[in-house]
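Residues 195 to 355, numbered by the working numbering, are exactly what the sequence shown covers, in order. Beta carbons: idealized from backbone N, C-alpha and C, even for Gly. All of these numbers come straight from a predicted model, not from anything done at the bench. See below for the structure under consideration.
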Amino acid sequence: MNFIKQQSIGFYVNILALAAAVVALVYYVINCHTSYFLSAGMNPGVLACSVGVIVLELVILVGNQFAGAAAGSGSAGSAAGVSWLRVVLDVCVVAVSVMLMCAFAFFLSDRVNSIASIATFNQNAQNMADLMSAIYGMIAYVVAVVLSIVASYLKVNKRNA
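Here it is, written out as structure tokens:
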């Protein structure tokens, strides 16, 4: 129970951003295996950025716990370690938003011609369902980007100064 009391709103927003990134990745993988988009294959850029985001979000969540514990101890020897860790965490926060935008851009650029083709010429129930799964994935990426940007302005741990 003490762990929950030490968390700030930024912790929960980061959890939501992580969940949205996982949902977006799942929708991307599902969309790549639909009948219309199967021939396009998977873009390694989307996969690399999405997996990188998941790893960095976990680094942010765990790293802030260590930074908060070190800041709470107040020892002089840990001050250099905490400042180094905070720089790394700040870089991770920026990298998460950038990588999410890159994943979204790769996903959108792979699908834009197909979306236009389905919307104008190939409208049938199966193609429209495939298109909707792509749109849901793109929406999930945008939600993850917005949540990660909001989370970057919030404290994760109440013990962090």
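Taking Ser-346 and Ser-291 to be in contact with their CB atoms under 8 Å, please state how far apart those CB atoms are, rounded to whole angstroms. Here residue 346 refers to the residue found at position 152 of the sequence shown. Here residue 291 refers to the residue found at position 97 of the sequence shown. So it is a contact: roughly 7 Å between Cβ atoms.
Using the rule of at least 16 other Cβ atoms within 10 Å of the residue's Cβ for burial, across every protein chain shown, is Tyr-222 buried or exposed? For this step, residue 222 is matched to residue 28 along the sequence shown. Buried, because 16 or more other Cβ atoms sit within 10 Å of the Cβ of Tyr-222.
If you draw a straight line from the alpha carbon of Asn-196 to that of Asp-324, how long is it in whole angstroms? On the sequence shown, residue 196 is found 2 positions in, with the first residue counted as 1. On the sequence shown, residue 324 is found 130 positions in, with the first residue counted as 1. C-alpha separation (whole angstroms): 46 Å.
If you compare alpha carbons, which of Ile-329, Val-288, Gln-317 is closest to Ser-303? For the purposes of this step, residue 303 is identified with residue 109 of the sequence shown, where counting begins at 1. Residue Ile-329 is the option with its Cα nearest to Ser-303.
Could you round the C-beta distance between Val-240 and Phe-300 to whole angstroms and report it? I think they count as a contact, below 8 Å. Within the sequence shown, residue 240 is the residue found at index 46, counting from 1. Within the sequence shown, residue 300 is the residue found at index 106, counting from 1. Contact holds; Cβ gap of about 5 Å.
Taking C-beta to C-beta, are Leu-341 and Val-217 nearer than 9 Å? Translated into positions along the sequence shown, residue 341 becomes position 147. Translated into positions along the sequence shown, residue 217 becomes position 23. Result no, Cβ atoms of Leu-341 and Val-217 do not sit closer than 9 Å.
How far does the alpha helix (DSSP H) with Lys-199 in it reach, from first residue to last? For this step, residue 199 is matched to residue 5 along the sequence shown. It spans 196-200 - the alpha helix (DSSP H) in which Lys-199 sits, taken as one unbroken run.
Proximity winner among Val-276, Ile-333, Cys-226, Ser-233, relative to Met-295 (alpha-carbon distances): Position 101 of the sequence shown, counted from the first residue, corresponds to residue 295. Nearest C-alpha to Met-295: Ile-333.
In the DSSP output, which residue or residues are listed as bridge partners for Asn-351? Your numbering for residue 351 matches position 157 in the sequence shown. As computed with DSSP, Asn-351 is found in a beta bridge with Gln-201.
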